[in-house]
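S.K.:
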Amino acid sequence: MSDLKPMTALGGADPVRLTLGALTLTENAELALASLALRRDTIVGSGRPIPLGLTLPDPGGWVGLEGVAAFWTGPGQWMIEAEEAAGGDFAALVKTAAPDCSVTEQTDAWVAFEITSSQGEGPLVGLLEKLANLDAALFRPGHATRTAIEHMSCYIIRRAEDRLAILGMRTLANSLWHTLTQAASRLQLAA
Amino acid sequence: MTRLSGGVIDRSRTLSFTFDGQAYQGHPGDTLASALLANGVRLMGRSFKYHRPRGVLSAGSEEPNALVELRTGARREPNTRATVVELFDGLEAKSQNRWPSLSFDALAVNDLFAPFFAAGFYYKTFMWPKAFWEKVYEPAIRRAAGLGSLSMLPDPDAYDKGFLHCDLLVIGGGAAGLSAALTAARSGARVILADEDFRLGGRLLAESGPFTDQSVDAWIAGLEAEFASLPNLRVMRRTTVWGAYDHGIFAALERVADHLSTPGEGVRQTLWRITAKRAVLAAGATERHIPFANNDRPGIMLSGALRAYANRWAVRPAERVAIFTNNDDGHRTALDLRAKGVEVAAVVDSRAEAKVLGDYPLLAGALVTGSRGRLGLKAIRVAQHGRDQWIPCGALGVSGGWNPNVHLASHHRGRPVWDEAQQTFLPGEEGPPGLIPAGAAVGEGSTHAALMSGARAAVKALDALGIKASPPNLPEAEDRPLGLKPLWHVPGKARAWVDFQNDVTVKDIALAHQENMRPVEHLKRWTTLGMATDQGKTANVTALAVMAELTGKTIPETGTTIFRPPYTPVSLSALGGGNTGTHFRPRRLTPTHVWAEGRGAVFVEVGQWMRAQYFPRPGEKTWRETVDREVLATRAGVGICDVTTLGKIDVQGKDAGAFLNRIYCNAMASLKVGMVRYGLMLREDGQAWDDGTCARLAEDQYVVTTTTAQAGPIYRHMEFCRQGLWPELDVQLISTTDAWAQLSVAGPQARVLLERIVDGFDLSNAAFPFMACGELTIAGGLRARLFRISFSGELAYEIAVPARYGAALMGRLVSLGADLGATPYGTEALGVLRIEKGHAAGNELNGQTTAQMLGMGRMVSVKKDSIGAVQSRREGMAADSRRLVGLVPVAATDPVVAGSHLFTEGAVHNTGTDQGWITSACYSPHVGSAIGLGFLTEGEARQGEVVIAANPLEGQAIRLRVVSPHFVDPEGGRLRV
């Protein structure tokens, strides 16, 4: 094991966690990500693979199993997620599970913020209304989309009734964190 | 205080405020205008051009006159309409456009010289001498004419923005809007009801007893309770929907905290983008006045406003009031005022057949032809049956009919249509799709008609969405006709104001007509009619009618000007979205940013990126000293630079090589696994676009690098090619720019340093030669990628690790290489190193250069086709003889200035003799002087020649010698050791 010390996307040794009113925002530094794209003969011919037991979702969808999940990112393309696996070579694992696909390591391409609400979906909907041009009320658990937040390209995933994840470009982590915490603190003030 | 009984104000609480330093009191529910009127203040401002005393004209957002500077210090806001300012305790307001005081304004002298200030006067008067316009005339005119002034301080408040979606957006919370919202919300549809006022009800609040079966208060209270219980309805008070845009998108401004003395920690205003499947425009109507001589005195108001002040705000406008009308609505004002105990001196009705509707004197077939009162109305002159009489009164309500607020329905260049029966413009058919006008906005202005119209519009809108809705039980309401007979102005010789805000009179319109400025768009520009903060809400239609009368055309033939957002003024702070300073735009930080901060690095913006520009050390007095040290240390030992910002694109698939062959002008399919090749991309037109490297990690996997600036555009281009041009190819793309921290390790000691960190990887020249690449582990098992490529001309590598390890790797390399002189360097040294080596970068790839000019003409493969290859062989491009050259000053201390143009020595300097230009320049510590790169005609053959670098802006002409662009190691031996 290397003795080089990793740094979180926000520039610290440990992930940041902040509670603002009903919302708790957590930097998910241990989320491993790998992109999985079908090869052309797979698109034309046989069906989709089922990597790590995941039934790859249709456009706009997210599916989660114990510790692993997948969301649609483009035609014939998904992002595969694994909890607590950022330290390893997750892309290699996915490639083994789907050897006929193009797999690319994406773990450190993104910063992931998990946002939970202690008061049901209301605060999450309120937050989304301030962040992105998507219909927050129709963005139900199991939905994922790519959209812009303050000019930053992001993935937004509704993991559960009371939980969202927002993935932004890792190098924009600080700007995204500022945006998210500012919106959350304003909701707290207005509540 | 001159309060009447009733009203929708909270008399249990008193609010203190000041106007021009004088203290007054009002109540919650007041606007600044109503509170001033209640305190007997009629004079609220001075007019734009003539500085005439002005009072409030309206009771809403259409107000042209009562503009004040609200608040103080950095929060001072000029041109605020007193009619929409919700009173709060401690409010401070000042009048504007006057000196030294509101009651005595020295510039009122302009009024005496009014004949010189007619429409277009400044186009005609200030013609000579020409040079005086910019320095003398214009500043003087701007000082004399105008509105309020800015604080010139940064806005201290926070602004926000957001996005909402709904089935139905109801714009306006009056009778029609409330009825529409109720109908729609009960159907279960997702509804947003937005109203600019702080209280729902619209005109209902301004009328006495519009319902015959219940009180307005009770009905609205019931609605409010029901609305609060409906989760599918969002009521947005203090929210103006100010623009209709494509795809059902509406812009709305919510004044979150404008009714508070300060927003505190919260936001002041929120700009909402509302996406609505359908919308009901229930924006109501604006009353029009009737121009007559001196119709602009404080105390002369719209009749409906007079009624609103009395009914909603319990304001007694004056002891004695008169009405001037051409319809029955004016009589309603008289009746309401009478009922509240105000003396009505007369109702002057232009209709000869007008009937008296209550206990007040009626002068039928009469006209108001003048007024008296320097700072406020004292009397009106009335002409009836050929006789004139003066009638003393302190307020005059004028009613010329109602103009539907068609603005939002006209935003998609939808032209309003003239309705002859109602003598008004109604929303046209070609407005924003899915927007259904209702109520007074579509000419259905009686309370009964508005309620029914709103419900109908909601049912129709939802039906189109497949949602069944049915009209609710609505109150029984008045349904009186207006009985209007058009009267657009009272003829006369004295000035009669049409547009109060811009001081445009009937005479000005006649002058515009006389000077052939007859089309409405010309009329607007010539007279300034309909401009500024009110956009002519109370003026435009009247002006069109006057022009129509003069031209002999009908009003619809005369037409309207174009309606554009915003409906009412929106602050730039709100439009800006709220982000200022550091967070004005997102900032990308490199993986070593925190580490570089710790080393005291100076940063530079490179697009969205913040990059370390140089790393000053104690004792270094100038940036040049630092950069020279970094460059020399790299060439002597080893330098390390974060190059993560270069774009990285993972290209996989069976056809990855074939795909890259088409993207790059040189061959990539033939690249061996484990090797890297420099690549050049051309645009479709054959010009050089971007350069970078292409590393083949496997038979079916490449990693493409791009320049920092073009990372996004190249990725987009490649996606377009993959999806749009050649979908038959088996290629998959994804950006990995952020995933990997990439460090350049350059200098003769680079290999020695890297050997100290790799896990047994053979770095020997034989095993890992120039342009090799491979995957390996470092520092005890960390996954990494290594590329033996060089931008500096030295033995160099780029090493990539997962981004989270970038800072740690940088720190480790610098400490492990201390004995080797390992030196972190920034973008300045990076630039110097590449100029010394003669590598092209963004300065050279500026969209005007060809592969040939860069010395890479042979790279454009003729064995295969690629984007831009054919076009690059066009005669004109192929014939361009300019080539990249190096340049050094003949006198060693002379500068080399990038951007200078090159000329043959002795030639005149003009575009005809231009021989090229300098693209890049720096001080080279290696050469010991300034050096440059540039494109020079026949450059290859002119080495040794002296040319002139002309910089006419600075008056410079510097002698430069043409040399090889490779100032360092032109044979490239250092790269390959």
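First to last, the sequence lines map onto chains A and B.
In this text, residue positions in the first sequence follow the working numbering: the first is 229, and each later residue adds one.
In this text, residue positions in the second sequence follow the working numbering: the first is 122, and each later residue adds one.
For every residue, glycine included, the Cβ atom is placed at its ideal position computed from N, Cα and C.
Bear in mind the structure is a predicted one, so any value in this text is a computation, not a measurement.
(1) Could you tell me how far apart the beta carbons of D470 of chain B and A485 of chain B are, in whole angstroms, since I believe they sit closer than 8 Å?
(2) Straight-line CA distance for N186 of chain B to G269 of chain B?
(3) Grab the span of the alpha helix (DSSP H) containing E678 of chain B for me, first residue to last.
(4) Does M273 of chain B pass the burial test, meaning 16 or more other C-beta atoms within 10 Å, or should it be called exposed?
(5) Could you confirm whether any beta carbon from chain B is found closer than 8 Å to the beta carbon of R374 of chain A?
(6) Take the Cβ of N526 of chain B as the centre, count every other Cβ of all protein chains shown within 10 Å, and call the residue buried at 16 or more, exposed below.
(7) Under the three-state reduction of DSSP, which class applies to M122 of chain B: helix, strand or coil?
(8) How should D986 of chain B be labelled, buried or exposed, when 16 other C-beta atoms within 10 angstroms of its C-beta is the threshold for buried?
(9) How would you write the range of the alpha helix (DSSP H) that E751 of chain B sits in, first residue to last?
(10) Residue ranges of each beta strand (DSSP E) run of no fewer than 3 residues wholly in the stretch 781 to 820 of chain B, ordered along the chain?
(11) Within the 8 Å Cβ cut-off, does H371 of chain A reach chain B?
(12) For H452 of chain B, count neighbouring Cβ atoms within 10 angstroms of its own Cβ and tell me buried if that reaches 16, exposed if not.
(13) Using a Cβ-Cβ cut-off of less than 9 Å, give me the residues of the stretch 845 to 857 of chain B that come near chain A, in sequence order.
(14) Confirm, please, whether the CB-CB distance from I557 of chain B to A576 of chain B is below 8 Å.
(15) Select from the stretch 371 to 388 of chain B all residues with a C-beta closer than 7 Å to any C-beta belonging to chain A, and list them in chain order.
(16) Using a Cβ cut-off of 8 Å, pull out every chain A residue sitting near V715 of chain B, in sequence order please.
(17) With distances taken from CA atoms, which of B:G507, B:V442, B:V1018 is nearest P482 of chain B?
(18) For G309 of chain B, decide whether its Cβ has a neighbour in chain A, counting only Cβ atoms nearer than 8 Å.
(19) Determine whether the Cβ of H532 of chain B lies closer than 8 Å to any Cβ atom of chain A.
(20) Kindly indicate the opening and closing residues of the alpha helix (DSSP H) around G932 of chain B.
(21) Whole angstroms is fine: what's the gap from A888 of chain B's alpha carbon to G760 of chain B's?
(22) Cβ of G549 of chain B within 7 Å of any heavy atom in the ligand GTP?
(23) Quick check: the Cα distance between E896 of chain B and V922 of chain B, rounded to an integer number of angstroms?
(24) Using a cut-off of 8 Å between C-beta atoms, extract the partners of Q347 of chain A located in chain B.
(25) Let's test the definition: count the other Cβ atoms within 10 Å of the Cβ of Y785 of chain B and tell me whether it reaches 16, buried, or not, exposed.
(26) Tell whether a beta-carbon distance below 8 Å holds between L1096 of chain B and F891 of chain B.
(27) Going by DSSP, which residues form a beta bridge with T304 of chain B?
(28) As a quick exercise: from B:A928, B:I920, B:S913, pick the residue whose alpha carbon is nearest that of G959 of chain B.
(29) Please state whether DSSP places Y243 of chain B in a helix, a strand or coil.
(30) Using a C-beta to C-beta distance shorter than 9 Å, which residues of chain A count as neighbours of G774 of chain B?
(31) Could you tell me the distance, in whole angstroms, from the CA atom of D480 of chain B to the CA atom of V463 of chain B?
(32) Determine contact between the stretch 310 to 320 of chain A and the stretch 258 to 269 of chain A, defined as no fewer than three beta-carbon pairs at a distance below 8 Å.
(33) Taking 7 Å as the limit between beta carbons, can you name the residues of its chain near L248 of chain A, skipping five residues before and five after?
(34) Give the residues of chain A in contact with D859 of chain B, contact being defined as C-beta atoms less than 8 Å apart.
(35) For the alpha helix (DSSP H) that R263 of chain B lies in, which residues bound it at each end?
(36) Is the beta carbon of L404 of chain A sitting closer than 8 Å to the one on I377 of chain A?
M.R.: Looking at the coordinates:
(1) 5 Å
(2) Each residue's CA atom was taken as its position, placing N186 of chain B and G269 of chain B some 12 Å apart.
(3) Under the DSSP assignment, E678 of chain B falls in the alpha helix (DSSP H) whose first and last residues are 676 to 679.
(4) exposed
(5) no
(6) buried
(7) Per-residue confidence for M122 of chain B stands at a pLDDT of 47, beneath the threshold of 50, marking its modelled position as unreliable; the derived number appears in the next sentence. In this structure, M122 of chain B counts as coil in the three-state DSSP scheme.
(8) exposed
(9) 744 to 757
(10) 797 to 803, 809 to 819
(11) no
(12) buried
(13) P848, E849, L850, D851, V852, Q853, L854, I855, S856, T857
(14) no
(15) E386, G387, V388
(16) M235, G239
(17) B:V442
(18) no
(19) no
(20) 927 to 937
(21) 23 Å
(22) What this structure holds is no ligand at all, so the ligand GTP is not there to describe.
(23) 10 Å
(24) Correct list: empty, because the minimum Cβ distance to chain B is about 15 Å.
(25) buried
(26) yes
(27) DSSP lists no partner for T304 of chain B.
(28) B:S913
(29) helix
(30) Ordered by position in chain A, the residues that pass the 9 Å Cβ test against G774 of chain B are A265, R267, R268, S330.
(31) So the two alpha carbons sit approximately 12 Å from each other.
(32) yes
(33) T409, A412, S413, Q416
(34) D336, A337, W338, M397, R398, T399
(35) That run of the alpha helix (DSSP H) goes 259 to 265.
(36) yes
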